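Student: Dumping the structure here so I can ask a few things about it.
Protein chains in written order, with the numbering used here: chain A, 3 to 215; chain B, 6 to 540.
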């Protein structure tokens, strides 16, 4: 197995590791602002139309949403586990865990797809087939605009994450990572946890309004 | 014979287009923004020609709308924002910190490609018919009524936004992690403090613009009505989100200039910068406070008077760190051994023009006065003093200053001084009359106006033609000097920064051995002696 060497702009692997991590944290900060803009807009409209948004939220599929939350949280756990064992040079276990996490990601997308299909049949998709009656129709329409944009963008991030996890899993299998060199695995894990956290916020904001009473 | 350097290392075309060398990426950026600068400038030229007469005799109203939109979009996103950070910054950041490259060299090249792609998508939108919304893309006009190619233009800006984000991210991480041994934060050249502050804005504000533009594009494509009042949407929310990015973006368009001027004033006064820590932290303060002033673009939009009050107050606060910088540059020059080389002329022009631009900004921060001059030429003149008088002047100053390092050739000094002076006069003649026009009541974005305004418009147009010539001059003499200029020594200005302690042009890996930093960045004595940071 070849010993890992730092890229030419770094003095040593430790510096490379720190740089990679700070890079990912900075990227996550930009992503927070990216989703933050959308969540802000959502909150503004929800504050303006509390009844309509509560009514609309009751049409979301909370069972699928809840299962999906569990799926993502579990995958995050597997990824964290994988990074730990990769540092202990248990390459086989690490790659299996990463691929399992990627599979869970695929499961998440599949469930999300089923959810979209149900919503399509219920005529809740703006710009495609939206049809909804009642006094709060305009608010429900706005809610579903945000619903599809937010969950769609999140799904895109999940899809990218699945590819990343699959590649990192393959690298782990080849025994590339060790306690000295594990920057790609750590950074990919950070990204995956972030995607997970975004979902936790979206779940609370989108599925839960109007359910308590 | 010169030793191999980053320019002569490999001359094939693919070695340029697939380079990850920060110095070559900087040159690629320079080529890109020069192209966009002249496209934006051409639009401005037609605008000024049209405005020479009160009638709309050169272009129709519809074409005029498209012209000022092209001018704004191209100049803001494809020239000003990448100007100093992506060219000069890209070139000197690793050199100044004694590193071999930026933290993420491939990401750096990616961001150039994204920038060019965004630029060409926007230009394509111009060629197939243009956009008539103004650079601000205000809703609901942009989403519902505009007959221009809003989606294409917005897509171009959206793509270029990711280039900004990646550049900002790269600089932040590089400055944190790749500094040479001994280079503590308080030994960083002030240009790096400015770029750091700029990068924070690039990384944190641009994503909000990306989201906002995405919503505009979706709204326009699918008519989903997020900004359509008839559907419960709120057009004002667009303005909040847009200015949450675009006001900090104004500081993206001035902080790097301030950083350049801090370098120039010190080198050409042969003195250490007065109040180094204050100048350094004022950059951070401007970036920080700059995130909380966006509402001053919306005093007449119908936002709550209380919000207006707070935003007005915060806008006044930003003036404090800005003034600290101006005072400290002036104090730096006091009793200095001043040399009036071309870069110093640009720096002096910057200080004067930025002061006028900044002080008129305070007029606009006053709620009552702002109501009077909103959407008039007063505002146009104000932000051109900051962005053109400030940033473009600083860009030229920095370009001349680092030119020997970038190309290995000296620029012709007398031509450069003549251009600097011509730019200063041309600029003032173009934009000072616009303050008066604004106070007299001339609204922006109109090309037909009452005849009594003509004298000021003619003055402005004459100034613009001088300015156009002055901006073309460097293209010729700098281009000439690339091939025929005198060969530059490694440190032609006897400056202290690490970038001057390696040959001009630098070798591909920047330094033969990683420098060890032993002193503060501006160690000049009055006899004109300079002690390099690593000596």
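Glycine included, every Cβ here is placed at the ideal spot set by N, Cα and C.
Just so it is clear, the structure is predicted and the values come from calculations on it, not from any experiment.
Please classify residue 6 of chain B as buried or exposed, where buried requires at least 16 neighbouring CB atoms within 10 angstroms.
Tutor: The count along the second chain starts at 1 and reaches residue 6 of chain B at position 1. Confidence at residue 6 of chain B is low in this model, with a pLDDT of 43, below 50, so its placement is unreliable and the value that follows should be read with caution. Exposed: under 16 other Cβ atoms inside 10 Å.
Student: Hey, how far is the Cα of residue 9 of chain B from the Cα of residue 511 of chain B?
Tutor: Locating residue 9 of chain B in the second chain gives position 4, where the first residue counts as 1. Locating residue 511 of chain B in the second chain gives position 506, where the first residue counts as 1. Going by C-alpha positions, residue 9 of chain B is about 9 angstroms away from residue 511 of chain B.
Student: Is it the case that the CB of residue 318 of chain B approaches a heavy atom of the ligand NAD more closely than 7 angstroms?
Tutor: No copy of the ligand NAD appears in this structure; indeed no ligand is present at all.
Student: Please confirm if residue 197 of chain A has its CB atom under 8 angstroms from at least one CB of chain B.
Tutor: Here residue 197 of chain A is taken as the residue at index 195 of the first chain, counted from 1. No, no contact with chain B.
Student: Buried or exposed: residue 70 of chain A, going by 16 or more other Cβ atoms within 10 Å of its Cβ?
Tutor: One-based indexing of the first chain puts residue 70 of chain A at position 68. Label assigned to residue 70 of chain A: buried.
Student: Which residue marks the beginning of the alpha helix (DSSP H) containing residue 9 of chain B, and which one marks its end?
Tutor: One-based indexing of the second chain puts residue 9 of chain B at position 4. That residue, residue 9 of chain B, is in no alpha helix (DSSP H); it is neither H nor E in DSSP.
Student: Smallest Cα separation from residue 11 of chain B: which of B:539, B:516 and B:520?
Tutor: The count along the second chain starts at 1 and reaches residue 11 of chain B at position 6. If we check each option's Cα against that of residue 11 of chain B, B:516 comes out closest.
Student: Output needed in chain order: residues of the stretch 163–174 of chain B with a Cβ under 7 angstroms from some Cβ in chain A.
Tutor: 170 and 174
Student: Could one say the Cβ of residue 316 of chain B lies closer than 8 angstroms to chain A's Cβ atoms, at least one of them?
Tutor: Position 311 of the second chain holds residue 316 of chain B. Chain A contact via Cβ: absent.
Student: Please identify, using Cβ separations under 7 angstroms, the residues of the stretch 144–178 of chain A that lie next to chain B, in order along the chain.
Tutor: Within the stretch 144–178 of chain A, the qualifying residues are 144, 147 and 151.
Student: Is any beta-carbon of chain A found at less than 8 angstroms from that of residue 524 of chain B?
Tutor: For the purposes of this step, residue 524 of chain B is taken as the residue at position 519 of the second chain. Closer than 8 angstroms: no.
Student: Mind pulling the chain A residues with CB within less than 7 angstroms of residue 217 of chain B?
Tutor: Mapped onto the second chain, residue 217 of chain B falls at position 212. Going along chain A in sequence order, the residues near residue 217 of chain B (Cβ under 7 angstroms) are 39.
Student: Alpha carbon to alpha carbon, how far is residue 272 of chain B from residue 427 of chain B? Give it in angstroms, no decimals.
Tutor: Start at 1 with the first residue of the second chain, and residue 427 of chain B comes out as number 422. Start at 1 with the first residue of the second chain, and residue 272 of chain B comes out as number 267. Rounded to the nearest angstrom, the two C-alpha atoms are 23 angstroms apart.
Student: DSSP on residue 381 of chain B, reduced to helix/strand/coil?
Tutor: If you number the second chain from 1, residue 381 of chain B lands on position 376. Strand.
Student: Given a cut-off of 8 angstroms, decide if residue 449 of chain B and residue 384 of chain B are closer than it, judged by their beta-carbon atoms.
Tutor: Reading the second chain from its first residue, position 379 is the one you call residue 384 of chain B. Reading the second chain from its first residue, position 444 is the one you call residue 449 of chain B. A contact, by the Cβ cut-off of 8 angstroms.
Student: Taking Cβ positions, are residue 582 of chain B and residue 403 of chain B nearer each other than 8 angstroms?
Tutor: Coverage of chain B is limited to positions 6 through 540, which leaves residue 582 of chain B absent and any answer about it impossible.
Student: Could you tell me how far apart the beta carbons of residue 81 of chain A and residue 103 of chain A are, in whole angstroms, since I believe they sit closer than 8 angstroms?
Tutor: Here residue 81 of chain A is taken as the residue at index 79 of the first chain, counted from 1. Here residue 103 of chain A is taken as the residue at index 101 of the first chain, counted from 1. Confirmed, Cβ separation roughly 5 angstroms.
Student: Which class does residue 448 of chain B belong to by DSSP, given the choice of helix, strand or coil?
Tutor: Position 443 of the second chain, counted from the start, is the residue given in the question as residue 448 of chain B. Note: residue 448 of chain B maps to strand in three-state DSSP.
Student: In three-state DSSP terms, what is residue 535 of chain B?
Tutor: Stepping through the second chain from its first residue, residue 535 of chain B is reached at position 530. Three-state result, residue 535 of chain B: strand.
Student: Are the stretch 131–148 of chain B and the stretch 193–200 of chain B in contact at 8 angstroms, needing three or more beta carbon pairs?
Tutor: The stretch 131–148 of chain B is not in contact with the stretch 193–200 of chain B.
Student: Tell me the rounded alpha-carbon separation between residue 205 of chain B and residue 455 of chain B.
Tutor: Here residue 205 of chain B corresponds to residue number 200 of the second chain, with the count starting at 1. Here residue 455 of chain B corresponds to residue number 450 of the second chain, with the count starting at 1. Their Cα atoms are separated by approximately 45 angstroms.
Student: Less than 8 angstroms between the CB atoms is what I'm expecting for residue 520 of chain B and residue 499 of chain B, so what's the real figure, rounded?
Tutor: Taking the first residue of the second chain as 1, we reach residue 520 of chain B at position 515. Taking the first residue of the second chain as 1, we reach residue 499 of chain B at position 494. Their Cβ separation, rounded to whole angstroms, is 17 angstroms, which puts residue 520 of chain B and residue 499 of chain B out of contact at 8 angstroms.
Student: Please confirm if residue 371 of chain B has its CB atom under 8 angstroms from at least one CB of chain A.
Tutor: If you number the second chain from 1, residue 371 of chain B lands on position 366. For residue 371 of chain B, the answer is no, since every Cβ of chain A falls outside 8 angstroms of its Cβ.
Student: Look at the alpha carbon of residue 15 of chain A and the alpha carbon of residue 182 of chain A, and state the distance between them as a whole number of angstroms.
Tutor: For the purposes of this step, residue 15 of chain A is taken as residue 13 along the first chain, with counting starting at 1. For the purposes of this step, residue 182 of chain A is taken as residue 180 along the first chain, with counting starting at 1. In a straight line, the C-alpha of residue 15 of chain A is about 7 angstroms away from that of residue 182 of chain A.
Student: Can you give me the C-alpha to C-alpha distance between residue 141 of chain A and residue 126 of chain A, rounded to a whole angstrom?
Tutor: As a first step, residue 141 of chain A must be located in the first chain, where it is residue number 139. As a first step, residue 126 of chain A must be located in the first chain, where it is residue number 124. Those two C-alpha atoms are separated by around 12 angstroms.
Student: Helix or strand or just coil, what does DSSP make of residue 529 of chain B?
Tutor: By one-based count along the second chain, residue 529 of chain B stands at place 524. Note: residue 529 of chain B maps to strand in three-state DSSP.
Student: Looking at the unbroken alpha helix (DSSP H) that takes in residue 53 of chain A, where does it start and where does it end?
Tutor: Locating residue 53 of chain A in the first chain gives position 51, where the first residue counts as 1. 52–59 is the extent of the alpha helix (DSSP H) around residue 53 of chain A.
Student: Within 10 angstroms of the Cβ of residue 45 of chain A, are there 16 or more other Cβ atoms? Answer buried if so, exposed if not.
Tutor: Walking along the first chain from the start, residue 45 of chain A turns up at place 43. It counts as exposed.
Student: Residues in its own chain within less than 6 angstroms of residue 167 of chain B by CB, not counting five upstream and five downstream?
Tutor: The residue you call residue 167 of chain B lines up with position 162 of the second chain. Once the five neighbours on either side are set aside, the close Cβ partners of residue 167 of chain B are 119.
Student: How big is the Cα-Cα spacing for residue 88 of chain A and residue 166 of chain A?
Tutor: Looking up residue 88 of chain A in the first chain gives position 86. Looking up residue 166 of chain A in the first chain gives position 164. C-alpha separation (whole angstroms): 16 angstroms.
Student: So which residues of chain A does residue 302 of chain B contact, with C-beta pairs closer than 8 angstroms?
Tutor: Numbered from 1 along the second chain, position 297 holds the residue referred to as residue 302 of chain B. None at all; the shortest Cβ gap to chain A is about 17 angstroms.
Student: Just confirm the distance between the C-beta atoms of residue 416 of chain B and residue 472 of chain B, as a whole number of angstroms; I'd bet it's less than 8 angstroms.
Tutor: In the second chain, residue 416 of chain B corresponds to position 411, counting from 1. In the second chain, residue 472 of chain B corresponds to position 467, counting from 1. In this structure, residue 416 of chain B and residue 472 of chain B do not form a Cβ contact; the two beta carbons are roughly 20 angstroms apart against a cut-off of 8 angstroms.
Student: Could you say which of B:251, B:518, B:147 and B:528 lies nearest to residue 13 of chain A if we only look at CA atoms?
Tutor: Start at 1 with the first residue of the first chain, and residue 13 of chain A comes out as number 11. Residue B:518 is the option with its Cα nearest to residue 13 of chain A.
Student: Taking residue 294 of chain B as part of the alpha helix (DSSP H), name the residues at either end of that continuous run.
Tutor: The count along the second chain starts at 1 and reaches residue 294 of chain B at position 289. That run of the alpha helix (DSSP H) goes 281–294.
Student: With distance defined between alpha-carbon atoms, name the residue in B:245, B:293 and B:274 nearest to residue 301 of chain B.
Tutor: Working through the second chain from its first residue, we reach residue 301 of chain B at position 296. For residue 301 of chain B, the nearest C-alpha among the options comes from B:245.
Student: Which residues in the same chain have their Cβ closer than 7 angstroms to the Cβ of residue 392 of chain B, if we skip the five residues on either side of it in sequence?
Tutor: For the purposes of this step, residue 392 of chain B is taken as residue 387 along the second chain, with counting starting at 1. Answer for residue 392 of chain B: 85 and 258, listed in chain order.
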